[in-house]
Ligand code: G3P
Ligand code: CA
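In structure tokens form, the structure reads like this:
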């Protein structure tokens, strides 16, 4: 059955990439948390999407320029809703440790020391609960070298074909987006033994229903509740 990957947690109901967002995502029927990984000036790994902390905290500046002492003081909840005041920017190790008993993880590396990512995942013994991707080819290469035990996902548009996805990118999962969602290509991936995922930040009812009909392995989405409802009716 199609598993729900929760894009930055339940980012429509709680501040993205926080403990609150991940907790809500699991309550709504998600089973895998998508999270973004960045690194502080002193080498601590955090769950944070943007290059700077300005949009999603009461602070300012690049994550890579801030010391962990500064990041740990930030409020990552109030910007979304005052009820989330005091929500911290999660450290990666604490975040994965908190949710590992009940969730899998899609680790999207924005910019980080991939050996440190591998170390944290390995220390928790959760390699098989994770898969990884990065828009940055250097980060993808580093994850192959430093974290070979963590499954890799590649975007269909980046791979350009089944053979490249498997041979060049060493991927086990291929992600399709609205612009390249072609049932024929999805079936080719499935026939080659690849797992397939559909990403959408919109409520794309038609493709959500098609993803269920085609038994796609995952959807990577914001609209967790709505998809859970479609899944129950399928
Ligand atoms: O697979 C990419 C998808 O998770 C989108 O990520 O960081 O652009 O919201 P992002
Ligand atoms: Ca992401």
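In my numbering, the protein residues as written are 1028 to 1261.
For glycine and all other residues, C-beta sits at the position ideal for the given N, C-alpha and C.
In whole angstroms, what is the alpha-carbon distance linking residue i and residue j?
| i | j | result |
| --- | --- | --- |
| residue 1209 | residue 1089 | 38 Å |
| residue 1072 | residue 1083 | 17 Å |
| residue 1098 | residue 1199 | 34 Å |
| residue 1204 | residue 1173 | 28 Å |
| residue 1184 | residue 1238 | 18 Å |
| residue 1259 | residue 1155 | 27 Å |
| residue 1095 | residue 1218 | 46 Å |
| residue 1124 | residue 1261 | 33 Å |
| residue 1169 | residue 1211 | 32 Å |
| residue 1215 | residue 1254 | 25 Å |
| residue 1148 | residue 1079 | 25 Å |
| residue 1228 | residue 1202 | 13 Å |
| residue 1118 | residue 1070 | 11 Å |
| residue 1256 | residue 1028 | 14 Å |
| residue 1133 | residue 1064 | 10 Å |
Which whole-angstrom value is the C-beta distance of residue i and residue j, which I expect to be below 8 Å?
| i | j | result |
| --- | --- | --- |
| residue 1044 | residue 1036 | 6 Å |
| residue 1031 | residue 1246 | 6 Å |
| residue 1222 | residue 1138 | 26 Å between Cβ atoms; not a contact. |
| residue 1062 | residue 1122 | 7 Å |
| residue 1106 | residue 1164 | In fact, because the Cβ distance is near 32 Å, the residues do not count as touching under 8 Å. |
| residue 1040 | residue 1068 | Wrong, their Cβ atoms sit about 32 Å apart, outside the cutoff. |
| residue 1053 | residue 1108 | About 19 Å; that fails the 8 Å criterion. |
| residue 1103 | residue 1116 | 5 Å |
Mind checking residue i: buried by the 16 CB within 10 Å criterion, or exposed?
| i | result |
| --- | --- |
| residue 1244 | buried |
| residue 1270 | Examination of residue 1270 is not possible in this model, given that the chain is present from 1028 through 1261 alone. |
| residue 1162 | exposed |
| residue 1250 | buried |
| residue 1051 | buried |
| residue 986 | With the chain running from 1028 to 1261 in the structure shown, residue 986 is simply not present. |
| residue 1166 | buried |
| residue 1234 | buried |
| residue 1224 | buried |
| residue 1196 | buried |
| residue 1112 | exposed |
| residue 1114 | buried |
| residue 1206 | exposed |
| residue 1242 | exposed |
**Asked** Listed in chain order, which residues are found with a beta carbon closer than 6 Å to a heavy atom of ligand 1?
**Response** Counting every residue whose Cβ lies closer than 6 Å to a heavy atom of ligand 1, we get 1034, 1061, 1063, 1076, 1135, 1160, 1202, 1226, 1247.
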